[in-house]
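Participant: I'd like to ask some things about the structure below.
Residue numbers (this note's numbering): 1 to 357.
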């Protein structure tokens with residue numbers, strides 16, 4: 001490996017690690033304050049909020065990597081400018097385009113590692129975090145999951161426990177459902193079988209019901225059942241998809257398809273993850289080109305402020321298109337790749353005469 005490649009690689013990762021350390025420290029402190037506020041009226045061990053903060057921080061950091069790369073690239077170039085190393089490279093025949101090529105390779109490789117390794121680690125930790133914290137929430141006694149066997153719900157209401165299984169969801173109706181009702185000691189009270197249940201509200205309306213009591217059964221046209229779930233609540237079962245690994249997301253997607261459930265949110269999450277290395281690469285090059293175009297301007301604070309400004313713009317710009325995609329105003333591929341295409345166009349404009357900068 002050539003000396004200049006080693007030098008650039010070392011300094012880039014040094015800047016990346018520096019910004020990463022600052023960001024994860026800030027995220028941890030913010031998480032800790034949030035957990036302390038949550039547990040202020042609950043009895044827990046002193047270390048528990050601290051432990052939860054550690055578990056939740058990686059998932060939040062994953063979302064912040066584009067901005068970490070942007071700021072780290074700025075710091076990388078600020079060091080080159082302050083030490084006049086960029087001029088030394090130019091006199092030695094090393095063009096700015098070669099520096100960009102090195103940064104491109106480093107950002108793509110790092111982006112792939114972050115997507116494959118860091119994301120799966122952070123999602124597992126996030127899932128563990130949610131499991132631990134759910135024990136202290138009012139929803140801890142409720143459970144709803146989607147498997148290859150359909151929708152499963154465990155509910156506790158009016159000192160009764162309900163286990164519900166449905167094979168399909170069509171609009172606001174559960175299809176082919178079987179409900180077992182227990183007392184608080186898990187003694188079976190009755191079983192309910194129906195082909196159609198209206199779940200618009202938490203007071204379910206069950207049609208064409210067959211109710212089993214031990215060795216006998218009754219048939220009713222309509223039966224009302226009070227639960228803690230309605231269509232809106234069931235629809236947001238996995239609103240926190242960051243707690244699922246890539247394999248779990250794919251498995252959940254297959255189960256949603258079998259259940260006739262909307263897979264829009266899952267597809268959007270998968271597209272975001274798949275495109276993440278490309279996003280980090282484009283952000284790195286964008287930051288590098290900005291720095292090369294303003295290198296004559298003195299003032300480190302101004303340059304960092306400019307980076308933060310662009311970070312905010314990119315963040316809200318991305319979110320705007322993600323919302324359009326998740327609400328199906330535009331195709332999901334457009335919602336993910338239009339922002340990337342626009343950053344690419346900016347890079348193409350800024351790269352003009354880059355070797356003369």
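Virtual Cβ for every residue (Gly too), placed ideally from N, Cα, C.
Classify residue 247: buried if its beta carbon has 16 or more other beta carbons within 10 angstroms, exposed otherwise.
Facilitator: Translated into the one-based positions of the chain shown, residue 247 becomes position 247. Exposed, because fewer than 16 other Cβ atoms sit within 10 Å of the Cβ of residue 247.
Participant: Give me the Cβ distance between residue 157 and residue 226, rounded to the nearest whole Å; I'm assuming they're in contact under 8 angstroms.
Facilitator: By one-based count along the chain shown, residue 157 stands at place 157. By one-based count along the chain shown, residue 226 stands at place 226. Indeed, because the Cβ distance is near 6 angstroms, the residues count as touching under 8 angstroms.
Participant: On the premise that residue 234 lies in contact with residue 197, defined as a C-beta separation below 8 angstroms, what is that separation, rounded to the nearest angstrom?
Facilitator: One-based indexing of the chain shown puts residue 197 at position 197. One-based indexing of the chain shown puts residue 234 at position 234. In fact, because the Cβ distance is near 11 angstroms, the residues do not count as touching under 8 angstroms.
Participant: Since residue 205 sits in a beta bridge, which residues does DSSP pair it with?
Facilitator: Taking the first residue of the chain shown as position 1, residue 205 is located at position 205. Looking at the DSSP assignment, residue 205 forms a beta bridge with 198, 224.
Participant: Should residue 283 and residue 66 be called a contact, given that it needs their Cβ atoms to be closer than 8 angstroms?
Facilitator: Indexing the chain shown from 1 puts residue 283 at position 283. Indexing the chain shown from 1 puts residue 66 at position 66. Closer than 8 angstroms, so yes.
Participant: Exposed or buried, what is residue 296 when buried is set at 16 or more other beta-carbons lying within 10 Å of its beta-carbon?
Facilitator: In the chain shown, the residue the question calls residue 296 occupies position 296. So residue 296 ends up on the exposed side.
Participant: If you follow the beta strand (DSSP E) that residue 215 is in, where does it begin and where does it stop?
Facilitator: The count along the chain shown starts at 1 and reaches residue 215 at position 215. First-last for residue 215: undefined, no H or E at that position.
Participant: Residues in the same chain with beta-carbon distance under 6 angstroms from residue 180, minus the five sequence neighbours each way, listed in chain order, please.
Facilitator: In the chain shown, the residue the question calls residue 180 occupies position 180. The answer, listed in chain order, is 163, 191.
Participant: Of the choices 292, 335, 21, 309, whose alpha-carbon is the least far from that of residue 350?
Facilitator: Here residue 350 refers to the residue found at position 350 when the chain shown is read from its first residue. Among 292, 335, 21, 309, the Cα nearest to that of residue 350 is on 292.
Participant: Taking all protein chains shown into account, do 16 or more other C-beta atoms lie within 10 angstroms of the C-beta of residue 303, making it buried, or fewer, making it exposed?
Facilitator: The residue given as residue 303 occupies position 303 in the chain shown. Buried, since its Cβ has 16 or more Cβ neighbours within 10 Å.
Participant: Taking Cβ to Cβ, would you say residue 273 is nearer than 8 angstroms to residue 119?
Facilitator: The residue given as residue 273 occupies position 273 in the chain shown. The residue given as residue 119 occupies position 119 in the chain shown. The answer is yes: Cβ separation under 8 angstroms.
Participant: Out of curiosity, what's the CA-to-CA distance linking residue 132 and residue 346?
Facilitator: Counting from one through the chain shown, the residue named residue 132 turns up at place 132. Counting from one through the chain shown, the residue named residue 346 turns up at place 346. For residue 132 and residue 346, the distance between alpha carbons rounds to 44 angstroms.
Participant: Determine the burial state of residue 309: buried for a count of at least 16 other Cβ atoms within 10 Å of its Cβ, exposed for fewer.
Facilitator: Position 309 of the chain shown, counted from the start, is the residue given in the question as residue 309. Result: exposed.
Participant: Have a look at 182, 189, 206 and flag the residue whose alpha-carbon is nearest the alpha-carbon of residue 174.
Facilitator: Walking along the chain shown from the start, residue 174 turns up at place 174. It is 206.
Participant: For residue 115 and residue 276, which I take to be in contact (beta-carbon distance under 8 angstroms), what is that distance rounded to the nearest angstrom?
Facilitator: For this step, residue 115 is matched to residue 115 along the chain shown. For this step, residue 276 is matched to residue 276 along the chain shown. So it is a contact: roughly 5 angstroms between Cβ atoms.
Participant: Less than 8 angstroms between the C-beta atoms of residue 75 and residue 15, yes or no?
Facilitator: The residue given as residue 75 occupies position 75 in the chain shown. The residue given as residue 15 occupies position 15 in the chain shown. Yes, they are a contact pair.
Participant: Alpha carbon to alpha carbon, how far is residue 338 from residue 301?
Facilitator: Against the chain shown, residue 338 aligns to sequence position 338. Against the chain shown, residue 301 aligns to sequence position 301. Spanning the two alpha carbons is a distance of roughly 31 angstroms.
Participant: Taking Cβ positions, are residue 305 and residue 321 nearer each other than 8 angstroms?
Facilitator: Here residue 305 refers to the residue found at position 305 when the chain shown is read from its first residue. Here residue 321 refers to the residue found at position 321 when the chain shown is read from its first residue. Cβ atoms of residue 305 and residue 321: not closer than 8 angstroms.
Participant: Within the same chain, show all residues whose beta-carbon is closer than 7 angstroms to that of residue 203, passing over the 5 residues directly before and after it, in chain order.
Facilitator: Looking up residue 203 in the chain shown gives position 203. Here the set comprises 224, 226.
Participant: Label residue 348 either buried or exposed according to how many other C-beta atoms from any shown protein chain fall within 10 Å of its C-beta, with 16 as the threshold for buried.
Facilitator: The residue you call residue 348 lines up with position 348 of the chain shown. Looking at its Cβ environment, which holds fewer than 16 other Cβ atoms inside 10 Å, residue 348 is exposed.
Participant: Tell me the rounded alpha-carbon separation between residue 287 and residue 91.
Facilitator: As a first step, residue 287 must be located in the chain shown, where it is residue number 287. As a first step, residue 91 must be located in the chain shown, where it is residue number 91. Rounded to whole angstroms, residue 287 to residue 91 spans 23 angstroms at the Cα level.
Participant: Compare the beta carbon distance of residue 53 and residue 285 with 8 angstroms and say whether it is the shorter of the two.
Facilitator: Against the chain shown, residue 53 aligns to sequence position 53. Against the chain shown, residue 285 aligns to sequence position 285. No, the Cβ-Cβ distance between residue 53 and residue 285 is not below 8 angstroms.
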